[in-house]
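J.: End of the sequence shown = 737 in the numbering used here, gap-free, step of one. Think of the CB as a built atom: it goes at the ideal place given N, C-alpha and C, for glycine as much as any other residue. Below is a structure I'd like to ask you about.
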Amino acid sequence: MTAPAGTPGMPVAGVVPAHRPEDPAAGRPAAHLLVRNAKVYTGDPARPEARAVAIRDGRVVALGDDHDLAGLVGPATRVVDALGRRVVPGLNDSHLHVIRGGLNYVLELRWDGVRSLRHALAMLREQAGRTPKGQWIRVVGGWTAEQFAERRMPTVAELNAAAPDTPVFVLHLYQSALMNRAAVRAAGFTRETPDPRGGQIVRGHDGEPTGILLAAPSALVLYSTLAKAPTLDAADRRTSTRHFLRELNRFGLTSAVDAAGGFQNFPDDYATVIDLARSGELSLRISYHLFPQTAGQELADLKRWTETVKPGDGDEWLRLGGAGENLTWAAADFENFSEPRPELAEGYETEFEQAVRLLMENGWGFRLHATYDETIRRDLAVFEKLAAEGLFPGGNRWLFDHAETVSADSLDRIAALGGALSVQNRMSFQGTAFLDRYGAVAASQAPPVRAMLDRGLTVAAGTDATRVSSYNPWVSLHWLVTGRTVGGTPLRPAGTSVDRETALGLYTRGGARLTGEEDVKGMLREGCYGDLAILSEDYFTVPEAAIPGIESVCTVVGGRIVYATAEYEGLAAPLPPVSPQWAPVARFGGYRAAGGGVRQAELMAEAVAESEQHRLWRAARGSAPGTPPQPFTDPCFAH
């Protein structure tokens, strides 16, 4: 891709150096990477725009016009022509289950971005033919029925028709899961299997499991069932994680805060990213958290961790951020908006206070999963009690995650205690259920991002991927800007959302503030990390509906090109092949992009046709008037 100096229209060129980098008279040493001919949004209020960015030794060393930075080009400088595209600071997802997601990525059939149920079932049917005996097909989050032209979920009968012999587990948010007959057998569910606490195994009139699992409201039944599926060996976990990080780089992500989560044990499940960090193979900066896994052992785990590791351990690529997003299981609410708000146990505060005290006294920050204001108020009462002893604000970073129904009073209390907030676009996927249960007024303020910012609180944005929302940050940015679900349902009145620049700031500077890296991350400024993305479309000018379709065509982390496509194809180091070879990612990849232009029109036509297929599907079952039953040839519909 390196062209002779002066070759017009080439995105990567070997520009003739203006000086030799070792010449003292030349001034500054040459850059290792120069991005030129760009519309650079820096995120720095002191200098919001530039045309070129120079990076050396992983840090930004200069910004300016192409002419200003020409003197930084040396014989070894890689010059990337942005071709007039928009360049933004690398995105930072402040709540992403990246470690767990990486360990499982290649095994998952992703329905993220798939526009029709018919297409989704066709993918499943094809994967059934590729999956060896003993393995499962798992569709694990990142989708909702609203995204499909048919506007419905699959049925268990359709899963059985698509994959009669291969176990299939389809997770729908943290609300439910569908399993075909083979998966019910593989999971060992029978009429004698008891319902787990907070969950339900739906049964037929004969008492046998139907293949439907409900979080009522606890997601433990979903987690524990998925954990029965086979896992990857250490080598394939490593490959899987590298491919997942590359997939995140595809959307311009250069950093993420890992929020830990259920079935993510420390240190065993962290070994892969630690190994990749040691070998210099991470393509995403990760700040991670530790999450007690077993109810009744939380205090023992936290005490052991405070005695062996401390926040900040690591380096700029991988480091410990603190504890959470749960500290004690009894203090966690669940966000299944299809179910009533859970009532947390009386007296959970006693153990919760012990956990918070232990962390604050040992210099540990923490983050807390809290969906509802009722939970937040109870937690704040504990913090205010400890504040009387001087533990809040105590210099340790702490925050609430999610906070969909946080009240104005609670926001004031959070601000007084030195807390922060991390918001995710769970409403993109669960907004309709929330709207139906709590009404339009509550949905318009779920969560109240503007009220948070008006109080001067540190606020960062993310996705909560991979099992709830999609990991595509542009879907989240679309929600922040428009207040609409992935199916187009408006949740916030026009004009009440944040503007595009503010939303982008929540995805860049906001995340950096949460981890205490605001001096080196979240903007393009001299001395900051050389993390940036050249976008496929200009985020600031495309129609709102096109925001979810934005991707990066070239992503740079620490001055290293980690993802490259279009004119930049081949500039990123290749990854090892997906392993095992039958893995869904090897055939279908990750997020299913809609594309633009002609392809967008084609997909719209397909969606119309698929919508008609759904009408016929309903008519055949007597639920759509005016059309007689029609024959179907697709075996996914033949039941």
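Let's test the definition: count the other Cβ atoms within 10 Å of the Cβ of Glu423 and tell me whether it reaches 16, buried, or not, exposed.
T.: It is buried - the Cβ of Glu423 has at least 16 other Cβ atoms within 10 Å.
J.: With a cut-off of 8 Å on the beta carbons, I'd call Leu575 and Val186 a contact; round off their distance for me.
T.: Contact doesn't hold; Cβ gap of about 11 Å is too wide.
J.: Name the two residues that bound the continuous beta strand (DSSP E) containing Trp496.
T.: Residues Trp496 to His500.
J.: Which same chain residues, not among the five before or five after Ala325, have their C-beta less than 6 Å away from its C-beta?
T.: Cβ within range, chain order: Phe361.
J.: Can you give me the C-alpha to C-alpha distance between Gly463 and Val319, rounded to a whole angstrom?
T.: Spanning the two alpha carbons is a distance of roughly 30 Å.
J.: Just confirm the distance between the C-beta atoms of Ala354 and Asp191, as a whole number of angstroms; I'd bet it's less than 8 Å.
T.: Sure, about 5 Å apart at Cβ, within 8 Å.
J.: Can you tell me the Cβ-Cβ gap for Phe267 and Arg236, rounded? I've got them flagged as a contact below 8 Å.
T.: 5 Å between Cβ atoms; contact.
J.: Less than 8 Å between the beta carbons of Leu758 and Leu555, yes or no?
T.: Residue 758 lies beyond the range of the chain shown here (99 to 737); nothing can be said about it.
J.: Answer with buried or exposed for Lys806, where buried requires no fewer than 16 other C-beta atoms within 10 angstroms of its C-beta.
T.: No answer is possible for residue 806: it lies beyond the span of the chain, which begins at 99 and ends at 737.
J.: Going by the DSSP bridge assignment, what does Arg383 pair with across the sheet?
T.: Answer is Ser353, bridged to Arg383.
J.: Do Leu673 and Arg208 have their C-beta atoms within less than 8 Å of each other?
T.: No; because the gap between Cβ atoms is not below 8 Å, this pair is not in contact.
J.: Who are the near neighbours of Asn347 in its chain, counting only those whose CB is closer than 6 Å to its CB and skipping five residues on each side?
T.: Taken in chain order, the residues that qualify are Ser381, Thr653, Val660 and Tyr661.
J.: Looking only at C-alpha atoms, which of Arg213, Val138 and Pro143 sits nearest to Asp179?
T.: Ranking the options by Cα distance to Asp179, first place goes to Val138.
J.: Taking Cβ positions, are Arg524 and Ser567 nearer each other than 8 Å?
T.: Yes.
J.: Measuring CB atoms only, is the region 243–257 touching the region 289–303, in the sense that at least three cross pairs come out at less than 8 Å?
T.: In short, these stretches do not touch, since the Cβ pair count stays below three.
J.: Three Cβ pairs or more, each shorter than 8 Å: is that satisfied between the region 597–605 and the region 221–240?
T.: With a cut-off of 8 Å, the region 221–240 and the region 597–605 do not count as touching, because too few Cβ pairs lie within range.
J.: Name the DSSP bridge partner or partners of Val186?
T.: Ala631, per the DSSP bridge assignment.
J.: Which full runs of the beta strand (DSSP E) of 3+ residues lie inside the region 362–426, going along the chain?
T.: Correct list: 383–388 and 416–421.
J.: Enumerate in chain order the residues of its own chain whose CB-to-CB distance from Arg183 is below 8 Å, with the five nearest sequence positions on each side excluded.
T.: Answer for Arg183: Ala136, Lys137, Ile632, Leu633, Ser634, Asp636 and Val651, listed in chain order.
J.: Go ahead and pull the three-state DSSP assignment for His270.
T.: Three-state DSSP puts His270 in a strand.
J.: Tell me the DSSP secondary structure of Ser650 in three-state form.
T.: Three-state result, Ser650: strand.
J.: Mapping DSSP to helix, strand and coil, what is His165?
T.: Three-state DSSP puts His165 in a helix.
J.: Kindly indicate which three-state DSSP category Ser520 falls into: helix, strand or coil?
T.: Three-state result, Ser520: strand.
J.: Quick check on the burial criterion: 16 or more other C-beta atoms within 10 angstroms. Buried or exposed for Glu615?
T.: Per the 10 Å Cβ criterion, buried.
J.: With Gln225 as the anchor, note down where its beta strand (DSSP E) starts and where it stops.
T.: Per DSSP, Gln225 belongs to no beta strand (DSSP E); it is in the alpha helix (DSSP H), Leu215 to Arg228.
J.: Would you call Asp499 buried or exposed, if buried means 16 or more other Cβ atoms sit within 10 Å of its Cβ?
T.: Asp499 is buried by the Cβ-count criterion.
J.: If you draw a straight line from the alpha carbon of Met458 to that of Pro678, how long is it in whole angstroms?
T.: Met458 and Pro678: Cα-Cα distance of roughly 44 Å.
J.: Output the distance between the C-alpha atoms of Arg126 and Gly156, rounded to the nearest integer angstrom.
T.: Whole-angstrom Cα-Cα distance: 16 Å.
J.: Indicate the three-state DSSP secondary structure (helix, strand or coil) for His467 in the structure shown.
T.: If DSSP states are grouped into helix, strand and coil, His467 belongs with the strands.
J.: Where in the region 546–633 do unbroken runs of the alpha helix (DSSP H), each at least 4 residues long, occur, reported from the N-terminal end onward?
T.: For the region 546–633, whole alpha helix (DSSP H) runs of length 4 or above, ordered along the chain, are 547–552, 571–580, 598–604 and 607–612.
J.: Taking all protein chains shown into account, decide if Gln273 is buried (16 or more other Cβ within 10 angstroms of its Cβ) or exposed.
T.: Looking at its Cβ environment, which holds 16 or more other Cβ atoms inside 10 Å, Gln273 is buried.
J.: Given a cut-off of 8 Å, decide if Leu351 and Ser338 are closer than it, judged by their beta-carbon atoms.
T.: No; because the gap between Cβ atoms is not below 8 Å, this pair is not in contact.
J.: Going straight from the alpha carbon of Phe481 to that of Ala369, what length do you get?
T.: Their Cα atoms are separated by approximately 33 Å.
J.: Along the beta strand (DSSP E) that carries Ile235, what are the first and last residues, could you check?
T.: Run containing Ile235: Ile235 to Val238, per the beta strand (DSSP E) assignment.
J.: Helix, strand or coil, according to DSSP, for Gly309 in the structure here?
T.: Strand.
J.: Is Ala226 closer than 8 Å to Leu170 when the C-beta atoms are compared?
T.: Going by C-beta atoms, Leu170 is not nearer than 8 Å to Ala226.
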